[in-house]
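Converting from the sequence shown to the numbering used here requires adding 1112 to each position, the first position being numbered 1.
A short write-up of the structure that comes next.
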Amino acid sequence: MFPIDLFCLHPESLAPCDLYKKTEDGEFVFFAQKSMQINRMVKENLTENEKNKIYVQDDDIDFYFNYLNSELMQLVKSPTAKSEKKAEAVYSSCKVIMQKVFEDPRSEFVNHACDLIVPTVDLIISNDNATRHLVNLTAHDHCTYVHSTNVGIFSIALARIFFGANSSHDLQKLGMGFFLHDLGKCKIPLEILNKPGALTSDERKVINRHPEEGRNLLSESGYATREAEIIVLQHHERDDGTGYPNGLNGSEIHPYARICRLADVYEALTSDRPYHRKRTTFEALKLIKEEMSDLDQDLIGCFIGLFA
Ligand SMILES: [Fe+2]
């Protein structure tokens, strides 16, 4: 059974597949059948407590993600829907698919992730108000899938400002790399990934494999683009050559990867981690501007504009 976010089932739409709820005893019971209207179903048959415990069968996951994508496409393009609603739907859907892809990076889920990134990028490109809501929604959490969702959103918003709204850069292709920049972490043992104390040099080497692991997973999925591969592979490179995996120097690092690194650093600073408390937006931006000399000052200027 795969848990779904009820928020992603849009009112007035039809259930994409049979839905189940989990009882207090941990048992799954049938809740609603495919094609039932969601508004009535939610209002009449769920307690507040149950709303967090809706599931679909693993065999139906494809129906669910296809539904999410088409609903999201419609919502983002709707001239009447509020920006806030669009942002909330996009954020919830992104978190759902990123969670799935990190649990199970098979090509079908990478494909669904790429599909859902399309309306997300469309929204950021076309709607400043919604972008502002999205930036405000980014929950500060240590989970890899939340981190990836947040970095994806910050990076696309930053790329749009940095390159200009009418640039020839394909933000859809970049989006795939931004959202999936840490995909390789699903190949890293959890006891190393979540270790609270300092890492040994061997453990550090294992973690540092994640850019190459991620690039390989993307290639194997058949959905990789050159832009996404560059971002995934280079997002931990640093101008002074001390980054990984290839120790590239300043001019060798692609601007796409620099954008991702800045968003990645900011997101890490503003989240609780085992080794530091989370900073406020102001503290994190000040630290980045004043103390992180290896980050591009032009990019930092654009990034600060996102929060103005
Ligand atoms: Fe990373």
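Heads up, the beta-carbon is just placed ideally off N, CA and C, and yes, glycines get one too.
All values derive from a computational prediction rather than experimental measurement.
Provide the residue(s) that pair with residue i in DSSP beta bridges, ordered along the chain.
i     : result
I1365 : Answer is none; I1365 lacks a bridge partner.
A1144 : L1131
Y1167 : P1115, Y1132
D1410 : D1410 pairs with nothing; no bridge assigned.
R1350 : In the DSSP output, where bridge partners are listed per residue, R1350 has none listed.
L1126 : Q1149
H1388 : R1385
Determine whether the beta carbon atoms of residue i and residue j lie at a separation below 8 Å.
i     : j     : result
I1209 : H1224 : yes
V1230 : Q1284 : yes
Y1176 : I1116 : yes
F1114 : I1166 : no
I1268 : G1287 : yes
I1319 : L1311 : yes
C1298 : P1357 : no
V1263 : H1293 : yes
L1345 : E1324 : yes
V1247 : F1394 : no
K1194 : N1239 : no
E1349 : Y1368 : no
C1414 : F1290 : no
F1140 : K1146 : no
F1266 : E1402 : no
Y1335 : V1222 : yes
E1215 : S1125 : no
K1207 : T1261 : yes
V1168 : C1129 : yes
L1399 : L1381 : yes
D1137 : V1188 : no
E1200 : L1249 : yes
E1196 : H1245 : yes
Tell me, to the nearest whole angstrom, how far the beta carbon of residue i is from that of residue j; I am working on the premise that it is less than 8 Å.
i     : j     : result
R1327 : E1341 : 5 Å
L1270 : L1374 : 7 Å
D1410 : D1351 : Their Cβ separation, rounded to whole angstroms, is 13 Å, which puts D1410 and D1351 out of contact at 8 Å.
P1123 : N1151 : 4 Å
L1180 : S1205 : 5 Å
F1143 : Y1132 : 5 Å
I1273 : G1417 : 6 Å
H1347 : D1376 : 6 Å
Got a sec: does ligand 3 put a non-hydrogen atom nearer than 7 Å to the Cβ of residue i?
i     : result
H1245 : Looking for ligand 3 in the displayed structure turns up nothing; the ligands present are ligand 1.
| said: Which complete alpha helix (DSSP H) runs does the region 1241-1310 hold, if anything under 4 residues is left out? | reply: Whole alpha helix (DSSP H) segments, 4+ residues: 1256-1275, 1283-1291, 1302-1305.
| message | So within the region 1159-1238, which uninterrupted beta strand (DSSP E) runs reach at least 3 residues, ignoring any that extend past its ends? | response | Runs of beta strand (DSSP E) with 3 or more residues, each lying fully within the region 1159-1238, are found at 1166-1168, listed in chain order.
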